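Residue numbers (the numbering used here): 243 to 613. Step one of this worksheet: look at the structure below.
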Amino acid sequence: MLNVGIECESIEGPESWGVGRVVKKILENIASQPELAQEFKFFLFFKSHIPELPFLNNSIFVKKIIGTKSFSLYYYLLLPIKLWFQKNDIMFFPNYMLPILFKGKSLVVLTEDIYYEINSGTLPFRYKMAYQIFSGWWATNHATKVMTISETSKKEVARLFKIDPERIFVNTLGIDPPQKPTTNNQALPNNYILYVGQAFPRRRLKETMLAFEIIASEQSDLQLIAIGKDKYTPPILEKLSQDINRRLGREAIIYRDYVGEDELHVLYTKARLLIYVSSKEAFGLPPLEALSYGIPPVVADSELNNEIYEGNAFLVRDPESPESIAGTIKKALNDESMRQEIIANAPGILEKYTWQKHTEMFLKIIRQKNL
């Protein structure tokens, strides 16, 4: 029996972005396989409370609450102390950081995004310092194994953090099958393109809005719906969308920081394009999710996107240029032949990226006796 610890603070909140979504999907898939109880016991560690998620009631999970509202106190001090007495066979840290006080075998997720946040991102200084110490220094040198989420990311993590590639496993992310919405939102526009994802500056939502302004003046009924928490410092997106709408004389851009899962399904089903022109990304789920709904993605022309889409996407040559983004959006709206080719080739791409496969690879990694 393998005792596996999983750090679960990221799923305590109501939103399902980023790390929290990945952790939820792993746990949900584990809970759906009763035969795993013959082999594993999973110890789940929470900062302040256990969320009400049905799959957490599975007996394969032993849930532990550390009991503090402070993330720093939880992650860097109280959790390692708890783990000292717990003595799991391996501990999974999905949140990019390895506590210095932790002793034992560890699997830590790292991506090149962390490197760029440390060195050139817009995070507050205290967050950059935390990543520098617990990711860039401690995890890179002391994690037993590192897990990243694409072959491109593995090369970048090895290069930027100077990690032996033999210590790095690739475990690509997954997407859910398309879901039929339980409600039909009649208030949605008839003609819109969509952005989904936390709006870090590297994901170029500012440039995408400016690009949309260029083409919106030529297509008076086209709208941009942008969903994602503003991660610019200071926040700029709500004001920018209002300014563009004022210049255009209509509500051309609809900006919201979050929508529920059901509304997101509705948005995917009716969009003409999904825009996700990130200049630096370890993976990026929204374009694949859109593709599963038959929506062609517009993404940056990068090594990562060529790895994932194999030419089956509309590629932006210069993600920092609103003019370049606008030109690709125009092509994506008008090139019906390429749109149909992308949709026809989608099943062969999507079958590689499922949460079941992600969970299987996660279990394969932690089963390795020489980890």
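Ideal placement from N, C-alpha and C gives every residue a C-beta, glycine not left out. In this text the structure is predicted, and so the values were computed from the model without any measurement.
Residue range of the unbroken beta strand (DSSP E) whose run includes residue i
{"i": "residue 461", "result": "Looking at the DSSP string, residue 461 is not in any beta strand (DSSP E), and its letter there is neither H nor E."}
{"i": "residue 348", "result": "348-351"}
{"i": "residue 495", "result": "495-498"}
{"i": "residue 300", "result": "No beta strand (DSSP E) contains residue 300, which DSSP labels as neither H nor E."}
{"i": "residue 283", "result": "282-288"}
{"i": "residue 264", "result": "Segment 260-273 is the alpha helix (DSSP H) holding residue 264; no beta strand (DSSP E) there."}
{"i": "residue 533", "result": "It is not in any beta strand (DSSP E) - residue 533 instead sits in the alpha helix (DSSP H) that spans 528-534."}
Check whether residue i and residue j have beta carbons under 8 Å apart
{"i": "residue 548", "j": "residue 591", "result": "no"}
{"i": "residue 533", "j": "residue 543", "result": "no"}
{"i": "residue 403", "j": "residue 386", "result": "no"}
{"i": "residue 538", "j": "residue 467", "result": "no"}
{"i": "residue 333", "j": "residue 283", "result": "no"}
{"i": "residue 446", "j": "residue 520", "result": "yes"}
{"i": "residue 501", "j": "residue 516", "result": "no"}
{"i": "residue 622", "j": "residue 351", "result": "Since the first and last residues shown for the chain are 243 and 613, residue 622 lies out of range."}
{"i": "residue 604", "j": "residue 413", "result": "yes"}
{"i": "residue 437", "j": "residue 491", "result": "no"}
{"i": "residue 474", "j": "residue 310", "result": "no"}
{"i": "residue 249", "j": "residue 322", "result": "no"}
{"i": "residue 565", "j": "residue 456", "result": "yes"}
{"i": "residue 355", "j": "residue 245", "result": "no"}
{"i": "residue 595", "j": "residue 513", "result": "no"}
{"i": "residue 494", "j": "residue 453", "result": "no"}
{"i": "residue 288", "j": "residue 247", "result": "no"}
{"i": "residue 329", "j": "residue 306", "result": "no"}
{"i": "residue 608", "j": "residue 349", "result": "yes"}
Residues bridged to residue i [DSSP beta-bridge criterion]
{"i": "residue 557", "result": "541"}
{"i": "residue 387", "result": "349"}
{"i": "residue 546", "result": "None, per the DSSP bridge assignment."}
{"i": "residue 306", "result": "287"}
{"i": "residue 249", "result": "287"}
{"i": "residue 335", "result": "350"}
{"i": "residue 411", "result": "389"}
{"i": "residue 435", "result": "466"}
Where the alpha helix (DSSP H) containing residue i begins and where it ends
{"i": "residue 357", "result": "354-362"}
{"i": "residue 603", "result": "597-609"}
{"i": "residue 518", "result": "Looking at the DSSP string, residue 518 is not in any alpha helix (DSSP H); the run it does join, the beta strand (DSSP E), is 516-518."}
{"i": "residue 571", "result": "564-576"}
{"i": "residue 486", "result": "479-490"}
{"i": "residue 504", "result": "503-512"}
{"i": "residue 372", "result": "367-373"}
{"i": "residue 327", "result": "321-328"}
Residues near residue i in its chain [Cβ-Cβ closer than 7 Å; skip 5 each side]
{"i": "residue 569", "result": "none"}
{"i": "residue 353", "result": "390, 391, 395, 399 and 524"}
{"i": "residue 439", "result": "445, 470, 518 and 528"}
{"i": "residue 531", "result": "417 and 510"}
{"i": "residue 374", "result": "360"}
{"i": "residue 254", "result": "288, 289, 290, 291 and 293"}
Cβ neighbours of residue i in the same chain (closer than 6 Å, five flanking residues each side left out)
{"i": "residue 597", "result": "267, 271 and 416"}
{"i": "residue 357", "result": "402"}
{"i": "residue 279", "result": "302"}
{"i": "residue 511", "result": "535"}
{"i": "residue 304", "result": "285"}
{"i": "residue 380", "result": "340 and 342"}
{"i": "residue 602", "result": "none"}
Residues near residue i in its chain [Cβ-Cβ closer than 8 Å; skip 5 each side]
{"i": "residue 478", "result": "448 and 472"}
{"i": "residue 480", "result": "472 and 497"}
{"i": "residue 581", "result": "538 and 574"}
Any non-hydrogen atom of the ligand GTP closer than 7 Å to residue i Cβ
{"i": "residue 277", "result": "With respect to the ligand GTP, the structure shown offers nothing to examine, as it has no ligands at all."}
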